[in-house]
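Protein chains in written order, with UniProt numbering: chain A, 1 to 232; chain B, 1 to 232; chain C, 1 to 232; chain D, 1 to 232.
Note that beta-carbon positions come from the ideal geometry of N, C-alpha and C, so glycine has one too.
Predicted model, so just to flag it, every value in this text is computed and none were measured.
Data block below; observations after.
There are 4 protein chains.
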Amino acid sequence: MLEELKKRVYEANMLLPKYGLVTFTWGNVSEIDRESGIFAIKPSGVEYDKLTPEDMVLVDLNGNKVEGKYNPSSDTATHVELYKAFKDIGGVVHTHSSYATSWAQAGRSIPCYGTTHADYIYGEVPCVRCLTKDEIEDAYEENTGKLIVSEFNARNLDPVAVPAVLCKNHGPFAWGKDAHEAVHNAVVLEEVGKMAYRAETINPRIQPAPQELQDKHYYRKHGANAYYGQGK
Amino acid sequence: MLEELKKRVYEANMLLPKYGLVTFTWGNVSEIDRESGIFAIKPSGVEYDKLTPEDMVLVDLNGNKVEGKYNPSSDTATHVELYKAFKDIGGVVHTHSSYATSWAQAGRSIPCYGTTHADYIYGEVPCVRCLTKDEIEDAYEENTGKLIVSEFNARNLDPVAVPAVLCKNHGPFAWGKDAHEAVHNAVVLEEVGKMAYRAETINPRIQPAPQELQDKHYYRKHGANAYYGQGK
Amino acid sequence: MLEELKKRVYEANMLLPKYGLVTFTWGNVSEIDRESGIFAIKPSGVEYDKLTPEDMVLVDLNGNKVEGKYNPSSDTATHVELYKAFKDIGGVVHTHSSYATSWAQAGRSIPCYGTTHADYIYGEVPCVRCLTKDEIEDAYEENTGKLIVSEFNARNLDPVAVPAVLCKNHGPFAWGKDAHEAVHNAVVLEEVGKMAYRAETINPRIQPAPQELQDKHYYRKHGANAYYGQGK
Amino acid sequence: MLEELKKRVYEANMLLPKYGLVTFTWGNVSEIDRESGIFAIKPSGVEYDKLTPEDMVLVDLNGNKVEGKYNPSSDTATHVELYKAFKDIGGVVHTHSSYATSWAQAGRSIPCYGTTHADYIYGEVPCVRCLTKDEIEDAYEENTGKLIVSEFNARNLDPVAVPAVLCKNHGPFAWGKDAHEAVHNAVVLEEVGKMAYRAETINPRIQPAPQELQDKHYYRKHGANAYYGQGK
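Below, the structure is given as structure tokens:
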């Protein structure tokens, strides 16, 4: 079932090594079929060069496997929480991409220093706290998802406008309207993490880009008045 | 019309992924036919691996599309301003290349620390200020071009000798006698941005290269007494 | 003899250039057959693109060559000491991979800043001191191995849980249950060295990941309660 | 004439792009035939992907072209000075490789922080001063060579044991017994420049490797008691 979905999720997973976002099996992509409430996700620990579309695992929003010969990604419960809370997203990706993970290890949100960032992500990429000991020991992956959601709510962030997050001492999650856009945003995140890292070294007194410039670039590409690209 | 021009502009655009200067569609190259006052430029948001010479868009110096099935690059109005003001240039390129963009985000001009820089760019690569709120909201891309021109005039810079600029919180533009040379200068800019970044880390009290060394290398390659290469 | 062993060691050696861990001949991998007490190791100074499985050298735990037309790696005596003391390991690798070697040159252990590290290495990657003048002049390579072993004992470290070490002013050794896993751990080491380097730049007041998070990730992948991957 | 020499020099030049040491035409390699006192060198400004063995230019130790359709490298006069003074070297290379050039721009010698460096280069890689205004304006390239030689003499350095130098605000020269070894040393230089850059960031109070460790590694590979590799 959902063969097209599995194929798209397979292809989106294969973009991770193509864009240099993964070492070994350190990443997973999923996409949800909102009608059935079922999503396809990479199996756990299977190497990218051995992956096939049929290997994708189907999971429902209770986290139960619906179809597949493999165990789903160990991060499946995080994907479930994000899909349940963020109704407008259709794809989720987790990686240990190098710069984004370094920011996560450092425990810092990535400020918006320029238009490369503002073109895709509205405002800083938030870094959420570590889970507590209790949260870790009891349903770690589920609690990771719940924490992201509660922090987005507390900060009043729109997950469509802020399609990425850093989990302190862990790494990034990104998302989008489908698996392909989620991976696209993960690439953007890695690039802006790299540029912000270097920009802070070049100028330790750096400030975020002016709000009006951030607005201009974000809305040049998003929303009713967007004029970048070839239109709809 | 202008098939040769479109082919050259296509080829120059394809050098951007070859030299690692672009992620996704984050760059555009143009070249002008000075006789007709028409330039060819990359269409907006079209992926590099799908691009063909026929996709190039022809635009006049009023910014009006003359030929092409696609919308031209969203930065077209900046190209127009540069061509109108800098009469001796024939090609323009905009990228979000990583090091140059990091310097732009940091809001700093790139000092000339060595001969790699001096061989191609006379003196520092200037970083121009952000646009004001009014300038952003009214004709952003056109005002970007006008600001570059007015800053070059105010600093008494010759755009032939200084073939690159950084726009604060945004990224670089580079140019040259044609599209190919513009891209060549964009590669140089990225390299000198990378070296300057590292050199400042290695020696925080670094000073620019002596003026006489900068002169020697610049004029070894440019002007009547140049002796690098195989002559004309 | 031991043709399968030589083939595996050859293949593991060839992973070093594949993963970008070596320049020229700066690395070597071995794997031991515990039954016979003989291990296969790369020959000294032979280039990777000329290497064949037959070139692997067989050596016993007294460091004597048992078979092979070439001299074994100049680091053979270090491998011997590690195999003699660390009974549960089956493969050893030495490289001059760039980030790990930079940490070794800096003389610092790599703190565990995140789950990328904790997934594979329990606690920091220790950096052991330089050998003394006497230790260097008398049996340098053997003493390198003895020092690693005595430092692991003194720090009460389990070499299975901490499968890597940095030798001050020299570089890393890594190991695993076989040659392939040893190389895998060397790749992990390089990645965590890179991330830790950047994370400290991003946040100079960075602290190691909480112990409970390190435990969670390590034991998610190792031991009786592991649930990452597809099980046994 | 000297067809074998030209072929070797061509091949050594082609190693520069292979090892990532050059952008565009920013590098040149030569090798001398000591019997005739003639060396082959890359032509000036010719792109690597168009180069052929026949394009190599033959030059004598007065700097006069002996054979070749092209002008020799603009740095030819520097090569001449190095061959005249350093009798035991047979190949010379100049690049603008990124890390080595950054150290040169910073005006700092590269300390020996580890065995990767000590395996090939005895002690620090010296950075020589900028030329004076007079030295630049009168025979710049020749004076670059003379300065390197006089600094090596003043510091009592053996060019066989220290096969590389940095020219302040310019870049590196390296050399060896032939063109191939010269390029090999240029690769080593870039690697040790990269590691030293990172090691200083990891530990700002870093000290050079102990002299006895430097000696051990240098003499493990060089001289009468060398035991690395497969012998002669």
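CB contact below 9 Å: residue i versus chain B
i	result
ARG108(D)	yes
ILE202(A)	yes
ASN13(D)	no
LEU189(A)	no
VAL46(D)	yes
PRO53(D)	no
ILE136(D)	yes
Neighbour-count burial assignment, residue i, 16 or more Cβ in a 10 Å radius
i	result
ASP119(B)	buried
LYS42(B)	buried
ASP49(A)	exposed
GLY91(C)	buried
ALA161(D)	exposed
GLN105(D)	buried
ASN185(A)	buried
GLY107(B)	buried
ASP138(B)	exposed
ALA196(A)	buried
GLY223(D)	exposed
GLY114(D)	buried
SER44(B)	buried
residue 233(A)	The requested residue 233(A) does not occur in the structure, where chain A is confined to residues 1 to 232.
Residue closest to residue i, alpha-carbon to alpha-carbon, out of the options
i	options	result
HIS170(C)	ALA199(D), ASN153(D) and GLY145(D)	ALA199(D)
TYR228(A)	LEU166(B), GLU181(B) and TYR70(B)	TYR70(B)
VAL128(C)	GLU11(C), ASP88(C), PRO172(C) and TYR140(C)	PRO172(C)
TYR122(B)	LEU21(B), GLY223(B) and GLN214(B)	GLN214(B)
CYS130(A)	HIS117(A), CYS167(A) and SER44(A)	CYS167(A)
VAL165(B)	ALA179(B), GLY145(B) and ASP134(B)	GLY145(B)
N- and C-terminal bounds of the alpha helix (DSSP H) containing residue i
i	result
HIS180(C)	179-202
PHE24(C)	Careful: PHE24(C) lies outside any alpha helix (DSSP H) and carries neither H nor E.
ALA106(C)	98-106
GLU35(B)	Where GLU35(B) is concerned, there is no enclosing alpha helix (DSSP H), given that its DSSP letter is neither H nor E.
Proximity test, Cβ basis, 9 Å: residue i and chain D
i	result
HIS184(B)	yes
CYS130(C)	yes
GLU31(B)	no
SER74(C)	yes
TYR218(B)	no
LYS28(C)	At residue 28(C) the sequence reads Asn, which differs from the Lys that was named. No, because no Cβ of chain D sits closer than 9 Å to the Cβ of ASN28(C).
Residue-level contact to chain C via CB, residue i, 9 Å cutoff
i	result
THR116(D)	yes
ASN64(A)	no
ILE121(D)	no
LEU16(D)	no
ILE148(D)	no
Proximity below 9 Å, CB of residue i to CB of residue j
i	j	result
SER102(B)	GLU124(B)	no
ALA40(A)	GLY63(A)	no
MET1(C)	LEU51(C)	no
VAL93(B)	LEU157(B)	no
SER73(C)	ASN143(C)	no
SER97(B)	GLU190(B)	yes
ILE89(C)	LEU58(C)	no
ARG8(A)	GLU31(A)	yes
GLY176(C)	ALA100(C)	no
PRO126(C)	ARG155(C)	yes
THR116(A)	TRP26(B)	yes
ALA85(C)	VAL149(C)	yes
LEU187(B)	TYR10(B)	Position check: residue 187(B) holds Val in this sequence, whereas Leu was assumed. Going by C-beta atoms, VAL187(B) is not nearer than 9 Å to TYR10(B).
THR95(B)	THR201(A)	no
Beta strand (DSSP E) segment containing residue i, residue limits
i	result
ALA174(B)	171-176
PHE39(B)	38-41
THR95(C)	91-95
ASP134(C)	Careful: ASP134(C) lies outside any beta strand (DSSP E), inside the alpha helix (DSSP H) at 133-137.
GLU67(A)	65-67
Cutoff 9 Å: residue i Cβ touching any chain A Cβ
i	result
LYS168(C)	no
LEU5(C)	no
Legend entry - Proximal residues, the region 79-108 of chain D versus chain G, C-beta separation under 7 Å: Structure shown: chain G not included; protein chains present are A, B, C and D.
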